[in-house]
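Chains as they are written, first to last, in the numbering used here: chain A, -18 to 92; chain B, 798 to 1141. Working notes, structure below.
In structure tokens:
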């Protein structure tokens, strides 16, 4: 195997794996925070409100890590796998842009 | 349809430069204007809630480029491999600088992270200018649609094998640094008061003559290395509104800032950046990445995706509306001068 290719693969594999840890948690936590906050409002219970605040902090840190690790990933689609991007960009780019595009922005507010 | 996406990308890149420009500029002057720890914290608080949101525009613009013009994304990202990795490293260093600076209590470490934050802000401003310079000047694309640029080849003569850095791209880089420094210091002047606000205003006043001089020089230099940038302007006379806007906003900046109307000056500076970028995009259109050998240039006709563009328009409009709402919300929640202790 061409050694540069192997290094590119390892490089990209590491980037993707590391990035993948964070967005999942962000998406799940968003739902959890909504549920906690709803219960807090319904029952007027400060304990749930406190829990929501705690997880919102976790959410904030996770969100930042998701964005920061997402930038190298996006770059590498072009820098390491440009032929792939050339052929599949129209398709994979759509979902990637949906992921990164401003839809996710409002969640930064949790910080 | 491809033209529409061309202008959408231009709008997103402009939004990125105007928004992240203010915190890059604030980072650049950070060490010079903020003397005490309290003042440094104030500058950081003034950009704290917005800087990472601003950077999302870079990602968003990149992703939009990716699905709208896959061929362009593939060529430019592999061709600009080295500078992109440098930009990536600088973005990471800057984020580390800001975040750790506010966490550590030790003076030596906080000055260390101050220097990292400020230095990487300055270099990023220069590199973004250099990137724009490269796109306007053209790159050595060949028949396969790919190219590779080393960091530098021949600095003074534009040979067919151009490097990332030559006299023209460095000129644009320095212009970007000066323009963003002025932009950032006006932002700090809007957000802070007392000595700190005064010093920030002073930096903006000092920048003005340089900014004016470099703007004129860069326009002449661009015409010198690429005379065809005038084609679109001569065909569509309405384009001449753009340089008028550049001049007008510079005049407003000169007039408003010493009078203490820093808000107006900041708006003028945003307008200046917008006009400069739109002017460049107007000159390039419909080419997206000019080649040194003109026949290999990438334009919206040979790089655009096909049906994906229509699909993208549906959800993009929705997400853009949401994002806009978010930004209006954050900047309104955060209006007024900042004091230390407000936190974020």
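Heads up, the beta-carbon is just placed ideally off N, CA and C, and yes, glycines get one too.
The continuous beta strand (DSSP E) containing residue 1084(B) extends over residues 1084 to 1086. Interface annotation for the segment 904 to 938 of chain B against chain A: empty, criterion Cβ-Cβ distance under 7 Å. For residue 991(B), the closest C-alpha among the options 977(B), 1135(B), 825(B) and 800(B) is that of 1135(B).
For residue 944(B), there are no neighbours in chain A by C-beta distance under 9 Å, as the nearest C-beta there is about 11 Å away. DSSP places residue 973(B) in the uninterrupted alpha helix (DSSP H) bounded by 964 to 988. Residue contact with chain A for residue 823(B): absent (no Cβ-Cβ distance below 7 Å to any residue of chain A). Neighbours of residue 50(A) in chain B, taken as residues at a C-beta separation under 7 Å, are lacking, since the least C-beta distance is about 10 Å.
Taking residue 1094(B) as reference, the option from 869(B), 912(B), 1051(B) and 1042(B) with the minimal CA-CA separation is 869(B). Using beta-carbon distances, residue 1131(B) does not count as an interface residue toward chain A, since no partner is under 7 Å.
One finds 71 in chain A with Cβ atoms closer than 9 Å to the Cβ of residue 1103(B), taken in chain order. Just so you know, the alpha carbons of residue 1043(B) and residue 1127(B) end up roughly 28 Å apart.
When C-alpha distances from residue 965(B) are compared across 1022(B), 975(B) and 994(B), the shortest belongs to 1022(B). At a C-beta separation below 7 Å, residue 53(A) has these neighbours in chain B: 885. The segment 845 to 861 of chain B and the segment 71 to 80 of chain A touch, with three or more beta-carbon pairs separated by less than 8 Å.
For residue 77(A), the chain B residues whose C-beta falls within less than 8 Å of its own C-beta are 860, 863 and 864, listed in chain order. For residue 907(B), the secondary structure class from DSSP, reduced to helix, strand or coil, is helix. By a beta-carbon distance limit of 8 Å, residue 923(B) does not contact residue 1007(B). Their separation comes to about 14 Å.
When beta bridges are read from the DSSP output, residue 66(A) appears opposite no residue.
The beta carbon of residue 899(B) lies closer than 7 Å to those of 841 in the same chain, with the five residues before and after it left out.
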